[in-house]
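Following: one structure in structure tokens, then a few remarks.
Residue numbers (the working numbering): 1 to 139.
The following block contains the structure:
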């Protein structure tokens with residue numbers, strides 16, 4: 001299973017996953033958040049349901065330098081990315097089935113569909129600039 005909690009020692013691993021073209025699903029949470037604490041086990045279960053994908057838990061306070069100016073409205077916030085394309089960024093209900101459906105919907109898209117969607121609205125174009133994990137991990 002490709003699941004890790006992001007820290008300075010493994011940022012290069014996550015960057016490598018992305019440059020290798022693997023799907024990365026990140027959960028942005030905070031240790032003080034009770035919802036996040038209970039969701040962590042569900043997120044790990046999601047990772048076990050998709051062993052070919054990569055999952056990363058990012059504590060927004062522990063990794064404040066990496067998170068930077070990302071606009072986290074609520075918890076949990078999911079970020080789903082492949083290569084340099086952010087296909088989803090937003091708050092999700094802390095529900096395993098919902099996260100699974102959301103991830104499967106992204107996995108079913110071709111790279112052409114992902115590229116089109118990434119450019120389809122101002123919000124999605126902004127995700128590509130602001131939410132992209134790759135430049136944040138390699139800075």
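Note that beta-carbon positions come from the ideal geometry of N, C-alpha and C, so glycine has one too.
Contacts around residue 83, its chain only, beta-carbon distance under 6 angstroms, and the 5 residues preceding and following it disregarded: 21
message: Across the stretch 75–95 and the stretch 27–40, are there enough close Cβ pairs to call them in contact, namely three or more that are closer than 8 angstroms?
response: yes
- request: Within its chain, find whatever has a CB closer than 6 angstroms to the CB of residue 53; leave out the 5 residues flanking it on each side and keep chain order.
  value: 23
task: Give the range of the alpha helix (DSSP H) segment to which residue 48 is assigned.
output: 34–49
- request: Could you check which residue in 69, 123 and 79 has the C-alpha nearest to that of residue 28?
  value: 79
task: Evaluate the contact criterion for the stretch 85–92 versus the stretch 102–111: three or more CB pairs, one atom per stretch, below 8 angstroms.
output: yes
message: What residue range does the alpha helix (DSSP H) around residue 14 cover?
response: 11–19
query: Can you tell which of 45, 46, 51 and 59 has the C-alpha that lies nearest to the C-alpha of residue 8?
result: 59
- prompt: residue 132 to residue 126, Cα distance in whole Å?
  reply: 9 angstroms
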